[in-house]
Amino acid sequence: MGNKLAVLAGDFLLSRACVALASLKNTEVVSLLATVIEQLVTGETMQMTTSVDQRCSMEYYMQKTYYKTASLIANSCKAIALLAGHTAEVATLAYDYGRNLGLAFQLIDDVLDFTGTSASLGKGSLSDISHGIVTAPILFAMDEFPELRAVVERGFEDPRNVNLALEYLGKSRGIQRARDLAKDHANRAAAAIDSLPDSDDEEVRRSRRALIALTHIVITRAK
Amino acid sequence: MMYVSRGLSRASRRFRGKIFGEPLSHRQATACRNLLPCLDSSLGDDPSLKVLGCRHISSWSWGLPAALYSIRHHIHHHSASIVEEQLDPFSLVADELSILANRLRAMVVAEVPKLASAAEYFFRMGVEGKRFRPTVLLLMSTALNVSIHKPPPDTIMGDTMTAELRVRQQSIAEITEMIHVASLLHDDVLDDADTRRGISSLNFVMGNKLAVLAGDFLLSRACVALASLKNTEVVSLLATVIEQLVTGETMQMTTSVDQRCSMEYYMQKTYYKTASLIANSCKAIALLAGHTAEVATLAYDYGRNLGLAFQLIDDVLDFTGTSASLGKGSLSDISHGIVTAPILFAMDEFPELRAVVERGFEDPRNVNLALEYLGKSRGIQRARDLAKDHANRAAAAIDSLPDSDDEEVRRSRRALIALTHIVITRAK
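Chains as they are written, first to last, in the working numbering: chain P, -7 to 215; chain W, 2 to 429.
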């Protein structure tokens, strides 16, 4: 019954979400979040069914990451703005914050899977790579060491292949470049908040500072 | 088709000659033939055949004396019941259904190829199923085409508004079908089903994960389409349906013995799993057309009762198959431990059957024992009777709709009533 009950539970949550969404009586918001569901599914499917070319493509990876991780938070931020009756510009800033925060989060997640709580390599759970999921650090490393691609193509069922990939990763700047990209997205998220229309209200300002604090936390967290 | 010519020659013998006084011109006969396609094959080229009750002729003033209108109306009423027997509800909307089918296929296109083939699996030509629900919804759309605030006919604005409403109602049909298929995909995963609609199930072909994802995908597309109708009441209605579908499936999976032996629980579950979707989409059709709450409720009642009747006969057929006798059906429900109406009725008459049910049906001997009791009981007949009762209520709902002179409206209503008969008398 394990899988079945899980599927049913998921459907149940989805249906309750639909009803709750409908009760907001805002069809644009319904549309937005229905699109998120679609993108979550698309992202998951992208991860399941990649060709080798796609698996080695940073562009494909970022698109999949947007769908799987960033889309939900980006579009719900936008929905928040729409419900408050804001302009399209403000709604877009909210969206940008969510999107960049989500991407930054995932990129650091990728790094931590290799480094764990230590700054050095190999202390992480290595769960991505053992499941054959190629993430940003490896993709960056492939940039510097084209021969790493052949290793990736062989797949990672063989633990020796995993170790080989880790060697290349260690020699490369892959980890650092992934962190840099994460920082870049975190900065954009903060910039979106800074671009919001001014406010004198202390609560408003404090919440904005908190949102910016989050963009730091997402980068500096150790797990 | 035999019925048609028999019925018509009966009708024409009654009405030919003196009633209208004037034979129809060839043009008039052709026009009527085109407007009443179900009569088409029998009219032949005989222009002297008085066509029965064709409203459109009266508006074109081709010289029928005014006094004859009331008679014509009376004749029309008779002819309606004759025509009703031969009316094929499915062919009335066949053309519109192909348009919908094409739009549906376009709506489930996905950018990831694997997802695309999974999502469109049951929308491909040949496996769309009976398309029962879209048929009902399209017929209901026409049946409700009664002017509450109808724009003047034949004006550009009038035609545009009518066309736009139709597209929105077609959208309900598409959305309903997507929700339905999504639930089928997940149900097959939950039931470990190998086949569906005569082909392998999606989970069998592409695995559970892709089947689950495809179902989610269809659901999300349905939600987007729903949102684009910009009618929050309709969104609410169909969101509730999704919830009820899940509740119904959960009810089926997680019953206590008491619940499994309860007719009330069974009917509630059946409403959720089968009738809710068609009932609420019928209601949505009415709401989109701007009808009153009363009319919307009638539409809902039709769908609900039709759905319940359908499921009850489904239950019976699972035991009887195409034969009227017991045990020739697939017995798929009982072998999966699903207790349906016939057994519940039988338990009424034979309380000892409950003990058999409680033991479960993994042992085929228990199945046979249950079938024995069923055969001795009036379970099958009582289930059929209950189905007929619901079918009648569905027909009554249509009869209670506000009157209309429009022939298309009346024909669609006859078709909806014909469906209530088909649902009861079908053999599979």
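Beta carbons: idealized from backbone N, C-alpha and C, even for Gly.
Here the structure is a predicted model, which is why all the values come from computation and not from measurement.
Classify Arg165(P) as helix, strand or coil using the three-state DSSP reduction. Residue state, collapsed to three classes: coil.
Name the chain P residues that come within less than 8 angstroms of Ser282(W), Cβ to Cβ? Near Ser282(W) there are no residues of chain P at all, since even the closest Cβ is about 15 angstroms away, more than 8 angstroms.
According to DSSP, is Ser118(W) helix, strand or coil? Three-state result, Ser118(W): helix.
When the Cα of Glu145(P) is compared with those of Tyr52(P), Val44(P) and Glu20(P), which residue comes out closest? Taking Glu145(P) as reference, the option from Tyr52(P), Val44(P) and Glu20(P) with the minimal CA-CA separation is Val44(P).
At 8 angstroms on the CB atoms, spell out the chain W contacts of Glu30(P), in chain order. Simply Phe218, Ser221, Arg222 and Val225.
Please tell me whether Asn281(W) and Leu238(W) are closer than 9 angstroms, where the distance is taken between their beta carbons. Yes, the pair counts as a contact, with Cβ atoms nearer than the cut-off.
For a contact defined as C-beta to C-beta under 8 angstroms, what are the partners of Ile286(W) on chain P? Around Ile286(W), no beta-carbon contact reaches into chain P at under 8 angstroms, the shortest distance being about 18 angstroms.
Residue of Gln312(W), Thr256(W) and Pro114(W) minimising C-alpha distance to Glu36(P): Among Gln312(W), Thr256(W) and Pro114(W), the Cα nearest to that of Glu36(P) is on Pro114(W).
Ordered along the chain, which non-local residues of its own chain (more than five positions away) have a Cβ less than 8 angstroms from that of Leu203(W)? Hits under 8 angstroms: Ala119, Tyr122, Phe123, Leu186, Asp189, Arg197, Leu211, Ala212 and Ala215.
Of the choices Ser221(W), Ala287(W), Val109(W) and Ser277(W), whose alpha-carbon is the least far from that of Leu1(W)? The requested residue 1(W) is not part of the displayed model; chain W covers only 2 to 429.
Do three or more CB pairs link the region 158 to 174 of chain P to the region 81 to 91 of chain P at distances below 8 angstroms? No: the two stretches stay apart, fewer than three of their Cβ pairs being nearer than 8 angstroms.
Leu85(P) versus chain W: which residues are under 9 angstroms apart at the beta carbon? For Leu85(P), no chain W residue has a Cβ inside 9 angstroms of its Cβ, as the nearest lies near 23 angstroms away.
Trp63(W) in three-state terms, based on DSSP: Bear in mind that the predicted position of Trp63(W) carries a pLDDT of just 38, short of 50, making it too unreliable to give a figure here.
Beta-carbon contacts of Gly249(W) that lie in its chain and below 6 angstroms, excluding the five residues immediately before and after: Only Lys270, Tyr273 and Lys274 meet the Cβ criterion.
For Gly2(P) and chain W, any beta-carbon pair shorter than 9 angstroms? Gly2(P) counts as touching chain W.
If we count Cβ pairs, one from each stretch, closer than 8 angstroms, do we get three or more for the region 336 to 353 of chain W versus the region 384 to 398 of chain W? Touching, per the Cβ criterion.
Under 9 angstroms between C-beta atoms, does Glu165(W) make it to chain P? Judged by the 9 angstroms Cβ criterion, Glu165(W) is not in contact with chain P.
With Leu291(P) as the anchor, note down where its alpha helix (DSSP H) starts and where it stops. Here chain P comprises residues numbered -7 to 215, so residue 291(P) is not present and cannot be evaluated.
Along chain W, in chain order, which residues have C-beta atoms closer than 8 angstroms to that of Thr38(P)? For the record, residue 38(P) in the displayed sequence is Met; it is not Thr. Under a criterion of Cβ atoms nearer than 8 angstroms, the residues of chain W adjacent to Met38(P) are, in order, Val113.
By a C-beta neighbour count over all protein chains shown, 10 Å radius and 16 as the cutoff for buried, is Ser187(P) buried or exposed? By the neighbour-count rule (16 or more Cβ atoms within 10 Å), Ser187(P) is not buried but exposed.
C-alpha gap between Ala140(W) and Ala395(W), whole angstroms: This sequence places Leu at residue 140(W); Ala is not what is there. About 14 angstroms.
Closer than 6 angstroms by C-beta to Leu99(P): which residues in its own chain qualify, once you throw out the five before and the five after it? Chain order, please. The residues are Ala128, Ala170, Leu173 and Ala174.
How far does the alpha helix (DSSP H) with Gly108(P) in it reach, from first residue to last? No alpha helix (DSSP H) contains Gly108(P), which DSSP labels as neither H nor E.
Alpha-carbon to alpha-carbon, Gln171(W) and Ser229(W): Using only the alpha carbons, I get a separation of about 13 angstroms.
Using a C-beta cutoff of 9 angstroms, does Thr19(P) count as contacting chain W? It does; some Cβ of chain W falls within 9 angstroms.
Using only alpha-carbon positions, find the residue among Arg165(P), Gln39(P) and His78(P) that is nearest to Lys56(P). That would be Gln39(P), whose Cα lies nearest to the Cα of Lys56(P).
DSSP state of Ile209(P) mapped onto helix, strand, coil: Ile209(P): helix per DSSP, three-state reduction.
Does Asn393(W) get closer than 9 angstroms to chain P when you measure Cβ to Cβ? By this cut-off, Asn393(W) is not an interface position.
Does Asn369(W) get closer than 9 angstroms to chain P when you measure Cβ to Cβ? No - not a single Cβ of chain P is within 9 angstroms of the one on Asn369(W).
Under the three-state DSSP convention, the category Ile339(W) falls into: The three-state reading of DSSP puts Ile339(W) in coil, since its state is none of H, G, I, E or B.
Going by DSSP, what residue range makes up the alpha helix (DSSP H) through Arg132(W)? Taken as a continuous stretch (DSSP letters only), Arg132(W) belongs to no alpha helix (DSSP H), as it is neither H nor E.
Could you work out which residues of chain P lie near Val110(W), taking near to mean beta carbons separated by less than 7 angstroms? Under the 7 angstroms cutoff, chain P gives no residues; its nearest Cβ is about 12 angstroms from Val110(W).
Indicate whether Lys447(W) and Phe351(W) have their beta-carbon atoms separated by less than 9 angstroms. In the structure as shown, chain W begins at 2 and stops at 429. Residue 447(W) is therefore absent and cannot be evaluated.
Within-9 angstroms CB hit, Asn(-5)(P) to chain W: So yes, Asn(-5)(P) belongs to the interface.
9 angstroms Cβ cutoff, Val258(W) in contact with chain P: Nearest CB-CB separation between Val258(W) and chain P: not below the 9 angstroms threshold.
Cβ atoms of Ala290(W) and Leu145(W): under 9 angstroms apart, would you say? Contact: yes.
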